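Chains A and B are the protein sequences, given in the same order.
So the first sequence is numbered by this note's numbering: it starts at 573 and just counts up by one.
So the second sequence is numbered by this note's numbering: it starts at 20 and just counts up by one.
Glycine included, C-beta positions come from ideal geometry on N, C-alpha and C.
Nothing here was measured: the structure is a model prediction, and the numbers come from that model.
All remarks here apply to the structure that follows.
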Amino acid sequence: MKYMILAAAIWSGAVHADLLTLKAGSSQKENVNISTGATASIEGASYELTTVGSGLRKKKVVIVPVKVYVGQLLVSDAARFVKTAQGALPSIENQTTVAFSMTFLRDVPASNIKEAFHGGFDVNNLGSDAEVNAFLALVDQVGAAENNGTLTVAVTKAADGSETLAIENKKASGATLKTMKAGKGMASKIMALWLGNVADDYAGELKAELLQ
Amino acid sequence: MKGLVLLLTLAVVLTGCDAIDAAKATKNMPKKMDDTVKKMDETECALKQGISFEAMLKEENGRVLTPVPFDLMPFAKRFAECSSDQDLAELAYLWMKKINEVTLDIPSPTEAQIEEFNHRQLHVYSALQAVAGFIPHDKVVRIIQDHVYGSSAYQDSVFELLMLRMQFIRDVRLENGLFSKGLINVGRVELAVELADEVDYLARLPFAGSIGISVTGFVEPFPDVKETLDPAQALAMWQKIKMKAERLNVDMKPGPGEEGTFPASKAKMAQALNKINQRISSWTGRP
Numbered sequence: 573m574k575y576m577i578l579a580a581a582i583w584s585g586a587v588h589a590d591l592l593t594l595k596a597g598s599s600q601k602e603n604v605n606i607s608t609g610a611t612a613s614i615e616g617a618s619y620e621l622t623t624v625g626s627g628l629r630k631k632k633v634v635i636v637p638v639k640v641y642v643g644q645l646l647v648s649d650a651a652r653f654v655k656t657a658q659g660a661l662p663s664i665e666n667q668t669t670v671a672f673s674m675t676f677l678r679d680v681p682a683s684n685i686k687e688a689f690h691g692g693f694d695v696n697n698l699g700s701d702a703e704v705n706a707f708l709a710l711v712d713q714v715g716a717a718e719n720n721g722t723l724t725v726a727v728t729k730a731a732d733g734s735e736t737l738a739i740e741n742k743k744a745s746g747a748t749l750k751t752m753k754a755g756k757g758m759a760s761k762i763m764a765l766w767l768g769n770v771a772d773d774y775a776g777e778l779k780a781e782l783l784q
Numbered sequence: 020m021k022g023l024v025l026l027l028t029l030a031v032v033l034t035g036c037d038a039i040d041a042a043k044a045t046k047n048m049p050k051k052m053d054d055t056v057k058k059m060d061e062t063e064c065a066l067k068q069g070i071s072f073e074a075m076l077k078e079e080n081g082r083v084l085t086p087v088p089f090d091l092m093p094f095a096k097r098f099a100e101c102s103s104d105q106d107l108a109e110l111a112y113l114w115m116k117k118i119n120e121v122t123l124d125i126p127s128p129t130e131a132q133i134e135e136f137n138h139r140q141l142h143v144y145s146a147l148q149a150v151a152g153f154i155p156h157d158k159v160v161r162i163i164q165d166h167v168y169g170s171s172a173y174q175d176s177v178f179e180l181l182m183l184r185m186q187f188i189r190d191v192r193l194e195n196g197l198f199s200k201g202l203i204n205v206g207r208v209e210l211a212v213e214l215a216d217e218v219d220y221l222a223r224l225p226f227a228g229s230i231g232i233s234v235t236g237f238v239e240p241f242p243d244v245k246e247t248l249d250p251a252q253a254l255a256m257w258q259k260i261k262m263k264a265e266r267l268n269v270d271m272k273p274g275p276g277e278e279g280t281f282p283a284s285k286a287k288m289a290q291a292l293n294k295i296n297q298r299i300s301s302w303t304g305r306p
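Okay, here's the thing in structure tokens:
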């Protein structure tokens, strides 16, 4: 009996609900299904989200840019999300839960993802922010992105002003989930990566596509 | 007696002459050895140049070209180091001509044939870009003197060579090289500064506006490549390196076994930051 209890405990520890359970849509980008919405599961609570934008992140190489990931932006209140270059990031203040899901089109080492995110935070004057650096440590911990794998970041706001961030790296071999507590404004800091100042031309193209 | 003295004197003089000759020969030895070593170096370099030229364009060394042409880079480096200024200007002319004038001579090519053609073109382009990027600085200065200021027949090709150099340093060595993993120690910061200095040099040339490239030799879906050097990229590069270096400076800690060398590393970091700030000031006019 005690072995069954032990096995159950180990099993329940090894399995967690997906951070985002996506609702399949009717369109695709680069063979990635673009969702209409999702249910986010963060620390035992569920949040309904709507997909408000999607786009392709490319990276400059010699002649033809490489395709890195298809990104999908999800929010809790689509009606209050502003789809303009200047208004999008400030409108994150109106949301109680936001998520960004990246389905990768190539393998990318964790150090490269971390460095790319750091560059994005730098151009938004967040490079030295303690909470941002704590988030980047989690990026390192969840590991490299895999071709066809998904890296998802979600942030939900509590009534007391605190925010909870969850990051999940889902690969063929399984998923790794990490969470952290943060102060007010964490959601906006994270979303600045995609809705704030852009680190390069291709980041600009992704932002424009997300806001179409 | 007098005869003996005369004989002895003659012996001393003759011996002295030989000694002087021997001394002279010994004095000339270092120069002769230098000349021999130089000839050996030149022969070794000529061999390396030939081997590298062949190796750069071998199919196996052109399989992976993006984001970094890993396999051909070591050969491109050797070739750039061992080639003469004239060789490099001529190579730029020949290979750019090849890229732009060789066509896919198939009436209705398949996707696979187009991909293969574009890959072959990209192989030559990547090799030329890597050679351009690895030319030692003093050789770049001489190439500019001879071919740009000297209005040689290869002047246009040198403008293209310099643009390729800019692209290689910016896109391969910095963006997809050092920056992709981060400036995680002072050595990487120093290398980033060294590379940015090369871009800075190009951006400040009086003819910087003429540095550019136009490549029309790819087949769709590959686009034409048209780029002229934008001096503003030098300042942007310095600002990016500054952000990353300042971040490291705050977080810098000695690794295991590095406690003894840490003060020297901090001093090097301070020097690097000083240089970065000086370069930025020289572009912005602000201290």
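Chain B places no beta carbon closer than 8 Å to that of GLU777 of chain A, leaving this residue out of the contacts. Residue environment for SER598 of chain A: exposed (fewer than 16 other C-beta atoms within 10 angstroms of its C-beta). In the three-state reduction of the DSSP assignment, LEU783 of chain A falls in the coil class. For LEU84 of chain B, the C-beta contacts it makes with chain A under 8 Å involve VAL634, in order along the chain.
Flagged as an interface residue toward chain A: GLU194 of chain B, by a C-beta distance shorter than 8 Å. The shortest C-alpha to C-alpha distance from LYS285 of chain B to any of B:LEU197, B:ASN293, B:MET271 is the one to B:MET271. Within chain A, not a single residue places a beta-carbon under 7 Å from that of SER233 of chain B; the smallest gap is close to 13 Å. Interface annotation for the segment 667-694 of chain A against chain B: PRO681, SER683, ASN684, LYS686, GLU687, ALA688, HIS690, GLY691, ASP694, criterion Cβ-Cβ distance under 9 Å.
What PHE72 of chain B touches in chain A, judged by beta-carbon distance under 8 Å, is nothing: the nearest beta carbon there is about 20 Å away. Residue state for ILE154 of chain B is assigned as coil, using DSSP reduced to three classes.
A distance of 8 Å or more separates the beta carbons of ILE230 of chain B and LEU202 of chain B. Boundaries of the beta strand (DSSP E) harbouring THR728 of chain A: 722-729, taken from the DSSP string.
With contacts defined by Cβ atoms closer than 8 Å, LYS686 of chain A and VAL711 of chain A form a contacting pair.
Residue environment: PHE94 of chain B is assigned as buried (16 or more neighbouring CB atoms within 10 Å of its CB, all protein chains considered). For a Cβ distance threshold of 9 Å, residue set THR85, PRO86 of chain B lies close to VAL638 of chain A, ordered along the chain. In the DSSP assignment, the residues bridged to GLU735 of chain A are A:LYS729, A:ALA754. For ILE606 of chain A, the enclosing beta strand (DSSP E) has its first and last residue at 604-606. For the pair of segments examined, the segment 96-113 of chain B was found not to touch the segment 650-662 of chain A: the number of CB pairs separated by less than 8 Å stays below three. Separation of ILE299 of chain B and TYR168 of chain B (C-alpha to C-alpha, rounded to the nearest whole angstrom) is 28 Å. For ASP190 of chain B, at least one C-beta of chain A is nearer than 8 Å to its own C-beta. Annotation for VAL238 of chain B: LEU123, ILE133, PHE136, ASN137 place their beta carbon closer than 7 Å to its own, counting only its chain and skipping 5 residues before and after. Fewer than three beta-carbon pairs drawn from the segment 693-711 of chain A and the segment 639-649 of chain A are found closer than 8 Å, and the two stretches are therefore not classed as touching. The continuous stretches of alpha helix (DSSP H) do not include GLN667 of chain A, and DSSP gives it neither H nor E. With fewer than 16 other beta carbons inside 10 angstroms of its own, ALA709 of chain A counts as exposed. By the neighbour-count definition (other C-beta atoms within 10 Å, threshold 16), LYS245 of chain B is an exposed residue.
In this structure, ALA764 of chain A sits near LEU661 of chain A, with a CB-CB distance shorter than 8 Å. For LYS96 of chain B, no CB of chain A lies under 8 Å from its own CB, so it is not counted at the interface with that chain.
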